[in-house]
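Right, one structure below, let's go through it.
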Amino acid sequence: MPSVFIKTYGCQMNERDSEAVAAQLVAKGYSLANSEAVADVVLLNTCSVRDFAEQKAINKMRNVIGTARSEKREQIVGFMGCMAQSRGKELVEKLPDVDLVLGTQKFHRAAEYLDELLAGKRAKIVDTDAEAKSEAAIREHLLNGSAKTSVSAFVSIMQGCNQHCTFCIVPSTRGEERSRTIDDIVAECRELVSRGVKEITLLGQIVTSFGKRDYPALDGKSAFVQLLDAVHEIKGLERIRFTSPHPKGYGDDLVEAYARLPRLCESAHIPLQSGSDRILKLMHRGYTREKFLGIIQKLRAAKPNIGIYTDIIVGFPGETEEDFEQTLSLCREVQFDNAYIFKYSERRDTPAATMPDQLPQAVREERNERLLNLVNEIAAQKYDAFIGQQVQILVEGPSKKNAARYTGRTRCNRIVLFDGSARHQGQLMDVKIERTGSFTLYGDPAVVNL
Ligand code: 5AD
2 MPSVFIKTYG
12 CQMNERDSEA
22 VAAQLVAKGY
32 SLANSEAVAD
42 VVLLNTCSVR
52 DFAEQKAINK
62 MRNVIGTARS
72 EKREQIVGFM
82 GCMAQSRGKE
92 LVEKLPDVDL
102 VLGTQKFHRA
112 AEYLDELLAG
122 KRAKIVDTDA
132 EAKSEAAIRE
142 HLLNGSAKTS
152 VSAFVSIMQG
162 CNQHCTFCIV
172 PSTRGEERSR
182 TIDDIVAECR
192 ELVSRGVKEI
202 TLLGQIVTSF
212 GKRDYPALDG
222 KSAFVQLLDA
232 VHEIKGLERI
242 RFTSPHPKGY
252 GDDLVEAYAR
262 LPRLCESAHI
272 PLQSGSDRIL
282 KLMHRGYTRE
292 KFLGIIQKLR
302 AAKPNIGIYT
312 DIIVGFPGET
322 EEDFEQTLSL
332 CREVQFDNAY
342 IFKYSERRDT
352 PAATMPDQLP
362 QAVREERNER
372 LLNLVNEIAA
382 QKYDAFIGQQ
392 VQILVEGPSK
402 KNAARYTGRT
412 RCNRIVLFDG
422 SARHQGQLMD
432 VKIERTGSFT
442 LYGDPAVVNL
């Protein structure tokens with residue numbers, strides 16, 4: 002049977018989609034290749050959030066095609082995911098050797114299309130059409146695909162986003178919000194737990210808007226909190242996480258959920274985007290600086306050790322030095338555990354792309370650098386504060402870089418390395434943090450697990 006290699010760009014949702022496609026292909030008898038150089042089929046699962054991510058995937062595809070041609074190898078190659086959805090047949094016009102373009106509502110058709118291409122029944126397939134109920138079609142898991150996924154799994158709870166932030170291409174790559182049912186999600190989670198999974202991350206482009214139309218608020222609890230409650234009931238599930246939320250979804254019901262549900266990990270990735278009210282408004286974010294600060298305050302009151310992470314865009318059209326300084330000052334005030342900083346990138350068909358006063362690249366670069374310095378300085382202090390502390394980790398498996406070391410994650414979502422062995426895999430254990438590396442903690446289990 003043919004072998005397939007899938008390379009993934011972008012977010013955790015993309016990782017999850019790739020895993021589901023791999024599982025689907027394995028179930029149909031395909032094998033998974035270790036590299037594109039030996040695979041019969043190469044699929045690139047793409048990201049469109051910034052132009053850079055698209056260029057990376059396009060260059061990679063050129064490279065894959067060029068190498069196969071020079072080595073006179075027959076290979077089926079395809080794009081899937083967000084860029085496939087948003088560029089569609091333009092991709093085969095640009096790169097005529099591409100055989101397959103599979104949109105974000107079509108992942109479950111990958112095996113069927115590849116079979117047709119490999120059998121020579123069709124020369125090329127481009128499918129980016131909408132498909133009803135596709136949000137519930139991604140459910141296969143490949144638990145032994147990697148060490149990590151056997152203890153920790155992603156579950157997709159919804160697709161799409163209706164927020165329409167002016168910078169963001171996601172509404173056009175992932176479509177309107179569509180949620181799965183609570184019963185369906187819980188059944189999938191139960192199945193994973195019965196196969197040994199101990200940690201589940203609920204995924205969606207805007208998870209806090211989960212099920213809004215289908216599940217009215219109950220006892221003051223939003224549909225998303227109702228889902229958290231239901232998943233929390235599953236016996237044997239040790240940890241629950243979710244990503245990505247929207248700040249407007251952090252009502253008191255969600256804040257209280259952190260305090261109420263012991264298996265909901267005290268970690269939150271809350272995208273800020275900007276610390277300036279004027280820019281937040283231009284971005285169509287739907288909250289103010291003060292509102293954001295209020296959420297952080299409440300979360301820390303509920304869970305003092307909560308890990309708080311964020312995304313920030315620098316150089317949005319019209320961002321002045323004063324606006325940018327508002328972002329710097331907010332970061333000083335909040336002291337994020339870490340922040341992912343993005344230089345604003347014009348995306349096709351988004352309102353921000355045609356706003357006046359697009360900033361020169363040099364300004365975006367300069368602000369990126371300044372913010373990065375600040376964020377890293379704060380993050381390093383936060384890492385150092387762990388030294389000497391005892392933390393609980395869930396052990397995911399051997400470290401990729403050094404097989405003698407094992408890797409796990411704290412509840413607040415930090416990576417911990419320690420000298421471990423196979424018997425630690427999948428265990429919840431306590432370690433004492435001895436030292437820090439760049440974005441890593443080094444722990445000693447012997448001290449606390451005698
Ligand atoms: N330019 C730069 N960054 C962007 N993001 C989304 N759209 C853009 C864009 N056009 C960032 C946001 C989001 C993260 C996933 O990517 O910060 O939270």
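Reminder that position 13 of the sequence shown reads as 14 in our numbering, one-by-one numbering, no gaps.
For every residue, glycine included, the Cβ atom is placed at its ideal position computed from N, Cα and C.
Just so we're clear, the structure is a prediction, and the values are computed from it rather than from any experiment.
Between residue i and the ligand 5AD, is there a pair consisting of the residue's CB and a ligand heavy atom that are separated by less than 7 Å?
| i | result |
| --- | --- |
| residue 130 | no |
| residue 50 | yes |
| residue 53 | no |
| residue 348 | yes |
| residue 337 | no |
| residue 446 | no |
| residue 343 | yes |
| residue 309 | no |
| residue 272 | yes |
| residue 168 | yes |
| residue 230 | no |
| residue 312 | yes |
Quick one: residues in its chain with C-beta nearer than 6 Å to the C-beta of residue i, no 5 flanking neighbours on either side, listed in chain order?
| i | result |
| --- | --- |
| residue 237 | 194 |
| residue 1 | As displayed, the chain neither begins before 2 nor continues past 451, which places residue 1 out of reach and without an answer. |
| residue 318 | 353, 356, 358, 359 |
| residue 266 | 240, 242, 412 |
| residue 176 | 161 |
| residue 308 | 268, 338, 413, 414 |
| residue 384 | 437 |
| residue 8 | 45 |
Determine the closest residue to residue i out of the options, with distance taken between C-alpha atoms.
| i | options | result |
| --- | --- | --- |
| residue 154 | 125, 204, 132, 110 | 204 |
| residue 139 | 159, 442, 34, 256 | 159 |
| residue 252 | 432, 218, 133 | 218 |
| residue 151 | 29, 198, 361 | 198 |
| residue 363 | 80, 345, 17, 53 | 345 |
| residue 262 | 120, 304, 270 | 304 |
| residue 14 | 127, 312, 164, 171 | 171 |
| residue 441 | 418, 121, 77, 70 | 418 |
| residue 88 | 408, 70, 229, 59 | 59 |
| residue 293 | 273, 279, 101 | 273 |
| residue 376 | 298, 313, 395 | 313 |
| residue 391 | 79, 429, 10, 78 | 429 |
| residue 17 | 136, 215, 404, 315 | 136 |
| residue 258 | 221, 141, 287 | 221 |
Assuming residue i and residue j make a contact with CB atoms under 8 Å, what is their CB distance in whole Å?
| i | j | result |
| --- | --- | --- |
| residue 231 | residue 212 | In fact, because the Cβ distance is near 11 Å, the residues do not count as touching under 8 Å. |
| residue 96 | residue 85 | Wrong, their Cβ atoms sit about 12 Å apart, outside the cutoff. |
| residue 62 | residue 45 | 6 Å |
| residue 37 | residue 65 | 5 Å |
| residue 156 | residue 186 | 6 Å |
Identify, in the order they occur along the chain, each residue of the same chain with its Cβ nearer than 8 Å to the Cβ of residue i, setting aside the five sequence neighbours on each side.
| i | result |
| --- | --- |
| residue 208 | 158, 159, 225, 243, 244, 245, 246, 250 |
| residue 148 | Confidence at residue 148 is low in this model, with a pLDDT of 44, below 50, so its placement is unreliable and the value that follows should be read with caution. Around residue 148: 397, 398, 399, 426. |
| residue 264 | 233, 238, 239, 240, 241 |
| residue 5 | 23, 26, 31, 32, 33, 34, 40, 41, 42, 43, 44, 115 |
| residue 117 | 123, 126 |
With a threshold of 7 Å on Cβ separation, who are the neighbours of residue i within its own chain once the five nearest residues in sequence on each side are excluded?
| i | result |
| --- | --- |
| residue 1 | Residue 1 falls outside the range modelled here, since the chain spans only 2 to 451, and no answer is possible. |
Indicate whether at least one CB of chain B lies closer than 8 Å to the CB of residue i.
| i | result |
| --- | --- |
| residue 32 | Structure shown: chain B not included; a single protein chain is present. |
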